[in-house]
Amino acid sequence: MLKSEHLICRIAAPYIKPGFIDPSDALLLDLSGDLINIYRNAFDSGMSRLQLEELSAPLIRRSGMVKIAAGLNKLLLDRCEFAAAEEMDYTALRQKCFLRSAQLLKSGDFSAGDLRGCSPNPDIYGDLPDFEKLAVFKEITPAALLNRYNLAQAQGLLFYAGELTLKIRKCDHADLRKLLKAIKFFRLLAHFSTPQKNMMLIKISGPYSLFGPTAKYALQLANLLPAVVNLPEWELTAAIKFKNRDLTLKLSPKNNLVSHYSNLAAYIPGEIRLFHHAFAEKESPWQIIGETPFIDGGNQKIVFPDLSFRHKESGKVFHVELFHRWHAGQLEERISMLKNQPHLPLLLGIDRSLVKDSEAFDALFADAPQVKEKCWLFRDFPGVSTTLNLLNKAQKR
44 MLKSEHLICR IAAPYIKPGF IDPSDALLLD LSGDLINIYR NAFDSGMSRL
94 QLEELSAPLI RRSGMVKIAA GLNKLLLDRC EFAAAEEMDY TALRQKCFLR
144 SAQLLKSGDF SAGDLRGCSP NPDIYGDLPD FEKLAVFKEI TPAALLNRYN
194 LAQAQGLLFY AGELTLKIRK CDHADLRKLL KAIKFFRLLA HFSTPQKNMM
244 LIKISGPYSL FGPTAKYALQ LANLLPAVVN LPEWELTAAI KFKNRDLTLK
294 LSPKNNLVSH YSNLAAYIPG EIRLFHHAFA EKESPWQIIG ETPFIDGGNQ
344 KIVFPDLSFR HKESGKVFHV ELFHRWHAGQ LEERISMLKN QPHLPLLLGI
394 DRSLVKDSEA FDALFADAPQ VKEKCWLFRD FPGVSTTLNL LNKAQKR
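Numbers in my numbering are just positions in the sequence shown, counted from 1, shifted up by 43.
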C-alpha cells in the first residue's frame, strides 16, 4: 500500500482523480525493471535493509520522476520480508567489542587483524532494523508492478473515504458471491439492496464516517478494491475528505485497473475457518451448507449471511450473520428487520466488543424482546455449542 507522500492526484472540483500512469510506457517499464533488478540482486546477495536502500535511492533520485519511482519502490519493499536477528545479546556483544577496541587503541600496539578479532560475530548491529537481511522477495514483472501502482493510487484515496457506493450490473451469482465474501472477510460495514433488476447497490461506510480508531478499517476498505475491479461492469463512487476538502472519487472499468487477487474464494474470515473446524469435530443433527444464499430482507434489502445450516432430518435451513466492532448501526437495523419479519430464518451472533455488559445486551432488544432469543454473544469467533443450542431452539419453534 502507498503512503500519503506517494499519492499523486488531480483535483477538478468536485472530483478528485488519481494520478494513473500508462503501464505500457517504455520509460516507466525500464524504471520498473531497474528497480526490480535491484531487489532481485539484493535478495540473491543477502543484503541488509540499509544496503538495499543505498542501492535504490540513487536510481529514484536520477529517474526524473521521483514521486512515481518512490511509489514503485514502496510497493517493492512491501513484497519483501527481512530476517530477524540471531538469538544473542547484541548490546553485550557491542559493549565487549568497543571495550576491547579501546584497550587496543590505548596500547598503541595493534594491527588491523587485532581490531577485526574484537568480536567473533562481525555483524554486531544485527538487532537493528537497518541491518536485517532480505530473506524473501516476491517476484513481479515490470508491467504488473505498474498496474499495481495504479491500483495503489486509487486505494490510497479510499483511506479518506466517508462513504463508498458500488453499483454492480451484469454480474453472475458466483462472481457476486465472491465479492460479498470479500466484504465479509474485511469486516466492512455494508448495506446491500437491489433497486433495479440485474443491479446490486452496495453502500459501504468509509473510515471518515466511523468513530474511534479507524486505521485498520481504512486498510481493509482499500483492500476491497482489487476484488471489485475483477467484476465485468461496476461503478464506484466515494465521498473523499482530502486536505480539508469534500471531493468525489469515481472509478469504473474505464480506468483499466488490474487486480492482483488470484483466488477470491479463499477470502474467508479467520473466525469462520475456526468455526468450520470446531463444528466438524462435534456430532450434531446439523450440517453446514457450503454456499450461503442471498436472503430477501424486504424493501429491496439483501442479507448475505456468514453461515448457513441445514437440519439433517427435517431439512429446515437457518442462517447466521455475525456482527463485529464497527457494525453497531447495522446490528440495530437487523434487529428491526427480524422484529418486522419474524419468519426470517436468521440468527444473529454479536461480538462482545459491541456490548459492554448484559444490561447493554438487553437494551438492544428493548423494542423487540422476541428477537433476543435469536441472538447470542461471542468473543473472537462463535462457539459451536452455543450456536447449536440456538439452532435446536429455532428448529422447534
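Just so it is clear, CB atoms sit at the ideal spot from N, CA and C, and this is done for glycine as well.
When the options are compared against residue i, the one with the closest alpha-carbon
i    : options                : result
L264 : E278, F228, P238       : F228
T453 : R53, R83, P388         : Residue numbering for the chain in the displayed model covers 44 to 440; residue 453 lies beyond these limits and cannot be assessed.
D423 : D405, I393, K436, P412 : I393
D68  : I51, I111, F86         : I111
L222 : L268, Q198, L365, G372 : L268
S379 : P348, D400, A411       : A411
F298 : K284, L279, F285       : Rather than Phe, the amino acid found at residue 298 in this sequence is Asn. Measuring from the Cα of N298, the nearest candidate turns out to be L279.
G341 : E376, E276, D349       : E376
D324 : V272, D405, A371, V427 : Note that residue 324 is Glu in the sequence shown here, rather than Asp. It is V427.
H370 : R230, S302, I81, F141  : R230
F322 : A145, L431, R53        : L431
K417 : Q384, A195, K399       : Q384
G313 : L262, S248, L365       : L365
F63  : R220, D121, A409, G114 : G114
Simplified DSSP state of residue i, which is helix, strand or coil
i    : result
Y192 : helix
V452 : As shown, the chain starts at 44 and ends at 440. That puts residue 452 outside it, with no answer to give.
A233 : strand
I103 : helix
L147 : helix
V109 : helix
V414 : helix
G205 : strand
F63  : coil
E314 : helix
R212 : strand
R220 : helix
Y304 : coil
A126 : strand
D423 : coil
I183 : coil
E175 : coil
S91  : strand
E276 : strand
Residue i to residue j span [Cα, whole Å]
i    : j    : result
L294 : E326 : 48 Å
L397 : S75  : 46 Å
K210 : D166 : 56 Å
R440 : P388 : 11 Å
L300 : P425 : 37 Å
S252 : F202 : 11 Å
L232 : Y304 : 21 Å
D349 : M131 : 46 Å
M90  : R368 : 42 Å
D218 : R105 : 44 Å
W288 : K181 : The sequence shown places Arg at residue 288, rather than the Trp named in the question. The alpha-carbon atoms of R288 and K181 are separated by roughly 38 Å.
N190 : D339 : 38 Å
A282 : L50  : 17 Å
H320 : M243 : 32 Å
G372 : L207 : 16 Å
Y58  : A204 : 13 Å
Within 8 Å, strictly: CB atoms of residue i and residue j
i    : j    : result
L171 : C214 : no
L420 : F361 : no
S351 : T335 : yes
L407 : V363 : no
Q330 : P238 : no
L102 : L78  : yes
K246 : H234 : yes
E96  : V179 : no
A126 : K176 : yes
P328 : K359 : no
I332 : R316 : no
C52  : K46  : no
L381 : V346 : no
L118 : Y192 : yes
A186 : P66  : yes
Runs of beta strand (DSSP E) wholly within the region 335-396 (minimum 3 residues, chain order): Secondary structure remark: continuous beta strand (DSSP E) runs of at least 3 residues inside the region 335-396, in chain order: 338-341, 344-346, 350-354, 360-366, 389-394.
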